[in-house]
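Structure first, commentary second.
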Ligand SMILES: NC(=O)c1ccc[n+]([C@@H]2O[C@H](COP(=O)([O-])OP(=O)(O)OC[C@H]3O[C@@H](n4cnc5c(N)ncnc54)[C@H](OP(=O)(O)O)[C@@H]3O)[C@@H](O)[C@H]2O)c1
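In the working numbering, the protein residues as written are 7 to 236.
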């Protein structure tokens, strides 16, 4: 089910491919979206390029700390190597908010090989670092930026797994998945995020082996549309 209310969202790292794609789709769905960056000028340039794709002035670019302070939902889309340092700069700002962590613990150059960190899930590590005052939700690790940026297809042929310890926050993110044209499937507690995090390397391997740009996943056996979890 799509979101009932329009949210203010800051996509930290939205200057990159994945965050830019998510930001584009949420702006299209009517949410108030800012692109967050370490460099406000880079954020403004990224927002301008996304507005051109969208065909209207909807997105703005800001310093990540400013965007996160204003937003109800903050979305983290940075490389694994930058995950902790980025969160360190935002920790105080995130109190009381939902943080959607999209980070995949890829370790270049062997990105087609699952290499989980010592903590297993890097999103569980985010929750431990931020503490209980931030509702961390894991999602969107298995949808390619390429699919997100293609506004020619409203519905994306891919499910995303949504894990989080706070049920209400999971439902907000399920709505955001639907708003982005995806089927979001709730998969329970944040500990289950590790499956989505590991799956990305498998999909990269499939892409290379079968010579396709963006393989994805489908959960079978569910009723049609976006399933509502109890
Ligand atoms: N690309 C995909 O198709 C895809 C699919 C699924 C999941 N993911 C995951 O989503 C996340 C983002 O992917 P992406 O491809 O969009 O990444 P990206 O383009 O390499 O980086 C995104 C942004 O992160 C910031 N960043 C990069 N290196 C940094 C560093 N060393 N320190 C601090 N910030 C840094 C930059 O923002 P500023 O310079 O503006 O601060 C950059 O624009 C990753 O964890 C990735 O594994 C990606």
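All C-beta atoms in this analysis are idealised placements derived from N, C-alpha and C, irrespective of residue type, glycine included.
Per the DSSP calculation, residue i is bridged to which residue(s)?
| i | result |
| --- | --- |
| residue 42 | 18 and 68 |
| residue 144 | 107 and 169 |
| residue 82 | 18 and 107 |
Rounded to whole angstroms, what is the Cα-Cα separation between residue i and residue j?
| i | j | result |
| --- | --- | --- |
| residue 67 | residue 108 | 20 Å |
| residue 113 | residue 147 | 15 Å |
| residue 32 | residue 160 | 12 Å |
| residue 219 | residue 228 | 26 Å |
| residue 221 | residue 34 | 24 Å |
| residue 49 | residue 96 | 17 Å |
| residue 19 | residue 230 | 33 Å |
| residue 89 | residue 23 | 16 Å |
| residue 176 | residue 183 | 10 Å |
| residue 118 | residue 205 | 10 Å |
| residue 110 | residue 98 | 23 Å |
| residue 36 | residue 195 | 29 Å |
| residue 75 | residue 215 | 43 Å |
| residue 207 | residue 223 | 13 Å |
| residue 43 | residue 21 | 7 Å |
| residue 29 | residue 61 | 14 Å |
| residue 168 | residue 145 | 5 Å |
| residue 165 | residue 217 | 21 Å |
| residue 55 | residue 152 | 15 Å |
| residue 7 | residue 213 | 30 Å |
| residue 125 | residue 201 | 13 Å |
| residue 1 | residue 115 | Residue 1 lies beyond the range of the chain shown here (7 to 236); nothing can be said about it. |
| residue 121 | residue 197 | 17 Å |
| residue 63 | residue 72 | 20 Å |
| residue 9 | residue 140 | 21 Å |
| residue 185 | residue 58 | 20 Å |
| residue 129 | residue 85 | 13 Å |
| residue 47 | residue 209 | 33 Å |
Would you say the beta carbon of residue i is closer than 6 Å to some non-hydrogen atom of ligand 3?
| i | result |
| --- | --- |
| residue 219 | Annotation note on ligand 3: not contained in the displayed structure, which lists ligand 1 as its ligands. |
For residue i, count the other beta carbons within 10 Å of its own beta carbon; 16 or more makes it buried, fewer makes it exposed. Which is it?
| i | result |
| --- | --- |
| residue 133 | buried |
| residue 70 | buried |
| residue 150 | buried |
| residue 45 | exposed |
| residue 163 | exposed |
| residue 103 | buried |
| residue 203 | buried |
| residue 87 | exposed |
| residue 192 | buried |
| residue 187 | buried |
| residue 101 | exposed |
| residue 137 | exposed |
| residue 225 | exposed |
| residue 53 | buried |
| residue 181 | buried |
| residue 131 | buried |
| residue 170 | buried |
| residue 158 | exposed |
With a cut-off of 8 Å on the beta carbons, I'd call residue i and residue j a contact; round off their distance for me.
| i | j | result |
| --- | --- | --- |
| residue 41 | residue 80 | Their Cβ separation, rounded to whole angstroms, is 12 Å, which puts residue 41 and residue 80 out of contact at 8 Å. |
| residue 27 | residue 173 | Wrong, their Cβ atoms sit about 27 Å apart, outside the cutoff. |
| residue 83 | residue 25 | 3 Å |
| residue 13 | residue 78 | 5 Å |
| residue 65 | residue 39 | 5 Å |
*asked:* Quick check on the DSSP output: what are the complete alpha helix (DSSP H) runs of length 4 or more inside the stretch 170-209, in order along the chain?
replied: Considered as a whole, the stretch 170-209 harbours 173-185 as its complete alpha helix (DSSP H) runs of no fewer than 4 residues, in chain order.
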